Structures are given as structure tokens and as C-alpha cells.
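These notes concern the structure reproduced below.
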Amino acid sequence: MVSVHGWVIPRSRRSEPPFFTKNQIISVLEQVGTLLQLDGANPFRVRAYENASRSLSSHEDNLWETVQEGTLIEIKGIGKGIAGLIDEAMNEGTWGDLDSLYQKVPKGLIEMLGVPGLGPKRIKQFHDELGIESIAELRSAAEEGALANLPRMGKKMEERILEGIDLLARFTGRRRLDIGLLYGEAFERRISSISGVQRAQLAGSARRRKESIGDLDIVAAVENEDIEKVTDAILSIPGIAEIKGAGDSKISLILESTIFEEAFSNSTIDEGVLAALGGEAWEELESNSTIDAQVRLVPPHVFAYTMAYFTGSKEHNVRMRQRALDMGLRLNEFGLFPLDGLGDAKGLEAAANGMPAMDETEIYEHLQMKWVPPEMREDMGEIEAALSDNLPSLIEPYQVKGALHNHTTASDGSASLSEMAEAAMALGWEYLGIADHSEVLNIGGRSIGVPQHLVKKQGNEIREMNDKWSTEGTDFRILHGSECDILADGKLDYPDSIRREFSHVVGSVHAIRSWRNRDEIENTEILIKAIEDPTFTILGHPTGRIIGGREGFPLDMHAVLRRMGELNSDGVLKACEINASPYRLDLDWRLCKFAKSQGVPIVINPDAHFKKGLKDVWFGVQMARKGWLEEQDVLNCLPGSVIEERMMEGK
DNA sequence: GCCGTTTTCGGCCCGACTGTTTTCAGTCG
162 MVSVHGWVIP
172 RSRRSEPPFF
182 TKNQIISVLE
192 QVGTLLQLDG
202 ANPFRVRAYE
212 NASRSLSSHE
222 DNLWETVQEG
232 TLIEIKGIGK
242 GIAGLIDEAM
252 NEGTWGDLDS
262 LYQKVPKGLI
272 EMLGVPGLGP
282 KRIKQFHDEL
292 GIESIAELRS
302 AAEEGALANL
312 PRMGKKMEER
322 ILEGIDLLAR
332 FTGRRRLDIG
342 LLYGEAFERR
352 ISSISGVQRA
362 QLAGSARRRK
372 ESIGDLDIVA
382 AVENEDIEKV
392 TDAILSIPGI
402 AEIKGAGDSK
412 ISLILESTIF
422 EEAFSNSTID
432 EGVLAALGGE
442 AWEELESNST
452 IDAQVRLVPP
462 HVFAYTMAYF
472 TGSKEHNVRM
482 RQRALDMGLR
492 LNEFGLFPLD
502 GLGDAKGLEA
512 AANGMPAMDE
522 TEIYEHLQMK
532 WVPPEMREDM
542 GEIEAALSDN
552 LPSLIEPYQV
562 KGALHNHTTA
572 SDGSASLSEM
582 AEAAMALGWE
592 YLGIADHSEV
602 LNIGGRSIGV
612 PQHLVKKQGN
622 EIREMNDKWS
632 TEGTDFRILH
642 GSECDILADG
652 KLDYPDSIRR
662 EFSHVVGSVH
672 AIRSWRNRDE
682 IENTEILIKA
692 IEDPTFTILG
702 HPTGRIIGGR
712 EGFPLDMHAV
722 LRRMGELNSD
732 GVLKACEINA
742 SPYRLDLDWR
752 LCKFAKSQGV
762 PIVINPDAHF
772 KKGLKDVWFG
782 VQMARKGWLE
792 EQDVLNCLPG
802 SVIEERMMEG
812 K
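Right, dumping it as C-alpha cells:
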């Protein structure tokens, strides 16, 4: 459901400029786009606001400085109008005439956008003609049959809206990447095994490894004469909760977790993904858990084009089509065609005259570009990099040699030191960093941190184990760190003398509530103060977000990373974690490239609380890939013998 | 509202599906 929470124009709490932060500006611009749609504005004007919001969020420089320099309009997508708006907001603390727009559009209309089949046009029509301002009013109007009499409406639309309202209540929100991939892999395998399907592959945000997945897209290559047979077979796959629609080229479904039973017993799931998922995520699925899925059926010779198209992202595709147009070509899900001589041929008919492509590499070659890995297709600079042959060589899961943030029974983990070490060795790792919680941490009134007097005991155990491996000639070691709480005032838990004994200190915020009650500027200052402590090594789950659960606390992460970069250039090691738990995936991948540009090393940490949790590193690697990171950018790609030294040097 | 070797106006990515119509508008991805 589109949450209505937060749909008010922000008021500044500050007494001097800048009155608003970059994140506040970005969110207002995005909301204005939506509000304008509901107000019936010119769709291109709507897109201008959406584009401005997007381009600002990938703009890495300090926005306040840009405003002061007067160079706002040099940012692509920001012209005179929006630049004036941003200038006014930051300098004066006012939003021009946007107040009236926020006032004008009833909040219930925003919620209605979440109803499948309802868009801004119909919502506006209902509002203008019938005075409908909320989902509740919409439901009763539909039940009374009041909607069917409107122009271009009818009984069927009315029913669809009622179903849509129910659906919205039942199947709300997106799925975490791990859950989405479980469904996606299972569904892909089932479709691949249908006779008549020549190839089938998962596309969409799952293939791009987004941290959360709205619905699954699967492309299947099927000859024309097999379409009917294959469609019937797909519709009879067990695990389908509902069929939403089925045409010649597209099938829309809702899947439920019963799809897994046979898929798992046949071990048909991709081994790499299954290993990463460890089966844990599946066991946790509720029986009423569902996910939307679309299957596209296309002739084999256009499969690559359709894969590229439905892998997205939408923004990447727009840029690709623009690139094609620049070369006098048209690109769509069926092929790439010269614009002249295309005539009236559309869709598949036109594909006969298109440029052939056996795989995606050839599509990019036709456009004189290097193939872009799916994870990078977000229009975050990959188009330019692919055109100039400057794409990074992305990190691979096998390049990770250990991890630095994991727990044992000494705090809230469920496995002992030696059990965790064995599991790490089984993964082929050369080291395991243990970072149990510090003393202060208690969750639900129960203290789970390691008290001061037990820190030394843990250190002794680790030393004994390391000595044993060393005499045996085993290339494995445990690094004795701590996940040390960053207190609300920016101080670190434990006395200095204890912190200095650890090989590394992962500083993490756990008392999220007090950080959420402060503003971005204050939080940023306090967090930077904590990072500057000489014993501080790694920033753990920087914003505290839980995917699908809660937003992180307000923070200017660019400013934090800039400061960490300065400290690194002074020779002090300050690394930033990508917490690899699929619940967190924090640092956000969108910030990885910036961290790299500032010279901040990244550590991919599973934050494992049990043996299988170590495998979550796989998800962290996916995020690092989305963030353009290479092997040398990631600290825990260093071999065991080197990483100890690196941490000593960095103090 | 933004943008511009076609720069101050007239474009702005493209197609399938659905339900409403009898040629098309709205929605979705």
C-alpha cells in the first residue's frame, strides 16, 4: 500500500540556511510528481519533477554548496523552474506555491494509486465526478454501482476495482531479495522443464538483484505453434494462487509457497542460489505468503531482446532506446531496427527486418557498447561507462576470503567459537572475524552484550585456537573484534583500555529510537564524532534500516563517507560495512560508488548469528556488484596473512 | 518543467492488455 504517512510538506526546524537537507528536497520533488498527476497536470511536467528527483539523488556533491555557487541548473534534469524552487527552499525555508498543491490533493487519492488497475486519470475522474476521497468511499461507490455509469467505465471495471481493493489489503508490499529469488528460481525451473519451452530465464529486478522485489518477470522462448500447449502447462503448475490474466504473449499470476515443495525435493533450484539461501528463508515462509509473477512468451529468435527489455531497469531501457535513436535505430522488446524503411510494421512483424542477436552481448555490440552486467543496469553511469569501455570488473563471491563481523554464544549467537570457525573453514575462508555485542546492549530488557570481565576470556580462547592452527600449519585465524555500540551521544561502549585490545572495532548504532528523533544534521555530526575515535575500525550497518520493516535513521551518508575518506587518506583505516544480511543490505548499494570515490574501503559482513548465516555474504557481494565494486575495493578479499597487518597499520 | 548541430517552440520511450468501445483511453511494466 502506498503509505500516506509523510505526505506533508516539510517544515524546517533550523533557524538559518540551509533550511532543508538534500534528502528532504529529493522526497518533495518526487511527491510533487505524484501530486501533479492526481491534479491532472501535463504528464511531461510530471516527468520533469520525477527526473529532477532522480538526478538529484544520484548527484554526489554537497547540494548546499551547489546552491550557493549557483550551479544548480548545470545538473541534468534541473532547469530554471526547479532550480528556483530548491534555491528558495534551502535559503528561505519556503516552498513557493507547492503548499497549495499539497493542500489541494486529498491524501486518500494517494492511497488509491496502490489499487491495481487504478491510475491517476481514473482516480481524478472519481474525485471530480463523485467526490470520492478515500479507499473506503471508493469501495462503497463501487458496491452501489455508482462507478459503472461514468464514461469509459462499466460493470467489469467496477468489479476489478473491488478485487483490487481486496488485493491491496492482502498482498501489500515488496519481498526481500532472498524471498523473491527463492520464488523466482523455483518458478524459472518449473517453466524451463515444460516441453516446448526452449529457454526460460528470470529477468526483472530479481535478475538485477535489487534489495527488494515487487514482482517476478520470466521470459520463455517458445515457437508459435507451441504457445497454446505451453500456456496450458504454465497455468497448471502447482503453486498458483490466482491467474490475473493470460494473453498470447503474457501471463500474469500470483504464486504461493506451495510451489516449493516439489521444486526442492527435485533439487532443481540453482545450486549457487540455494547454497546462499541455505534453505533457511524457505522454512520461514508463511503458508499465506505470495508473490506476483509475469511470464512473457516470445519466439526464440527475439529472446535476447526480450530478456534485455524485461531485465530493465526502466531508466536503463530509456537510455538504451535513446542511444538507438541517436544511431537512427528503434529498440524494443522484439529487436533493433533501422528507422527508415520500418513503415507501419509493428511489434513482432517488424522483428523480421531487425538486427539479429543470439545473446545480450550482441545487442550492446550493435549499439557500439560493452555488455552491461544486469546488476548495474540502473542508469547510474553504466551507459557512459559501456560506451567508453570503462566498465568495472565486478567482484565475484569466490573472491571473498573471510568476514569481520560475526557473533557467537558469548553474545546473542547460537554457535560457539569453534563451531563458527569450522563453518568458515568449510566455506574455504582464511579467517573469521568475531565481533560480539558490547556490554551495554540489551534487547527487550535482556542483556546480551559481552561484559568487560569476559572479554579477556574470549581473547584467551581465540589465542589458543590461533596458536593451534599456526603450529599445525593450517592457514586459518580468528580475529578478535567487537561490535561496539555507538551510544546516543557518539561515545563508544567499553573503556578505551578494553577497546584498544581488539583487532578491530565494528561501531554500530542499536538504540535507533533516539537517533530517529533527531534530525539529519545532528545525527551526522554525532556519528562522525564516533567514527573519529582512534579505536573505531568499521562502521556497521550504517543506517539501521530493516528492509520492508523500518527506514534507517536520518543521516547524510555522503558527508559521513567524505569524512571517512579524509581519515583514510591520513593513513587511518576506517572501513564501511555492507551488512550482508538480506534483512539489512546496509550500506545501500547506491552509495558504494561514492564510498569508493572517497577512498573508503568496504567490508562485506554477514553479521552471522549462526553457522549458516555466514553464507549471507553472497547477498552482500550482490549489493557490492550493484554498487560497481571490484575485488580491490573490498577489504575482506584480502588474504588472511595480510588482513591482520592491514588492521594493525591502520590504527 | 526540461531540453536543444532542427535552440525560444515543440518535442518528450514503447508496446501489450483490458475494458470500453466500434477506434481508443487508461494502466502497467
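In the numbering used here, each number is its position in the first sequence, counted from 1, plus 161. No residue lacks a Cβ here, since even glycine has one placed at the ideal position from N, Cα and C. All values reported here derive from a predicted model rather than from experimental measurement.
Val434 in three-state terms, based on DSSP: Residue confidence for Val434 is low, a pLDDT of 49 falling below 50, so the modelled location carries little weight and cannot support an answer.
Rounded Cβ spacing between Asn567 and Ile595 (contact assumed at less than 8 angstroms): 6 angstroms
Buried versus exposed, by CB contacts within 10 Å (16 or more), Val782: buried
Minimum C-alpha distance to Asn714 - residue among Ala672, Ala309, Ala785 and Val601: Residue 714 is actually Phe in this sequence, not Asn. That would be Ala672, whose Cα lies nearest to the Cα of Phe714.
The stretch 550 to 558 touching the stretch 778 to 794, judged by at least three CB pairs closer than 8 angstroms: yes
Distance, Ser373 Cα to Leu593 Cα: 28 angstroms
Whole-angstrom distance between Gly306 and Lys316, CA atom to CA atom: 8 angstroms
Minimum length 3: unbroken beta strand (DSSP E) runs contained in the stretch 191 to 247: none
The stretch 283 to 299 in contact with the stretch 212 to 231 per 3-pair CB rule at 8 angstroms: no
Beta-carbon proximity list for Arg174, same chain, < 8 angstroms, skipping 5 on both sides: Asp680
Whole-number beta carbon distance between Ile322 and Ile352, since they are thought to touch under 8 angstroms: That belief does not hold up - the Cβ atoms of Ile352 and Ile322 are roughly 31 angstroms apart, past 8 angstroms.
Classification of Arg607 by the beta-carbon crowding that lies within 10 angstroms, buried from 16 upward: exposed
Closest by C-alpha distance to Arg674, when choosing among Arg300, Val189, Thr570 and Arg711: Arg711
Which listed residue (Ala381, Ala361 and Ala564) has its alpha carbon closest to that of Lys772: Ala564
Continuous beta strand (DSSP E) stretch holding His665: start and end: His665 to Ser669
In DSSP terms, what Gln455 is bridged to: Asp378 and Ser413
Short Cβ contact (8 angstroms threshold) for Ile186 with Ile239: no
Leu640 and Thr696 closer than 8 angstroms at C-beta: no
Beta strand (DSSP E) segments (min. 3 residues) lying fully within the stretch 704 to 775: 736 to 740 and 763 to 766
Bridge partners - Leu490, DSSP secondary structure assignment: Pro499
Anticipated Cβ contact below 8 angstroms, Glu738 with His770, distance rounded: Contact doesn't hold; Cβ gap of about 15 angstroms is too wide.
Outcome for Thr635 when other beta-carbon atoms lying within 10 angstroms are tallied against a minimum of 16: exposed
Alpha-carbon spacing of Glu644 relative to Lys735, whole angstroms: 14 angstroms
The alpha helix (DSSP H) enclosing Gln619, as first and last residue numbers: Gln613 to Glu633
Inter-residue spacing [alpha-carbon to alpha-carbon] between Glu304 and Ser410: 33 angstroms
Close Cβ partners of Asp694 (< 6 angstroms) along its chain, the five nearest in sequence each way excluded: Leu653
N- and C-terminal bounds of the beta strand (DSSP E) containing His641: Arg638 to Asp646
Asp628 versus Lys562 - alpha carbon distance: 20 angstroms
Met519 burial status per 10 Å Cβ neighbour count (16 or more: buried): exposed
Reference Leu745; option with closest CA among Gly732, Pro762, Leu716 and Thr704: Rather than Leu, the amino acid found at residue 745 in this sequence is Arg. Comparing Cα-Cα distances from Arg745 to each of Gly732, Pro762, Leu716 and Thr704, the minimum goes to Thr704.
Residues of its chain near Lys690, where Cβ-Cβ distance is below 7 angstroms and the 5 sequence neighbours each way are ignored: Gly651
Secondary structure of Leu323, DSSP reduced to three states: helix
Three-state secondary structure (DSSP) of Asn551: coil
Ranges of the alpha helix (DSSP H) found wholly within the stretch 337 to 388, counting only runs of at least 4: 338 to 353 and 365 to 368
Beta carbon of Ser572 nearer than 8 angstroms to that of His598: yes
Backbone CA spacing between Pro179 and Met251 [nearest angstrom]: 5 angstroms
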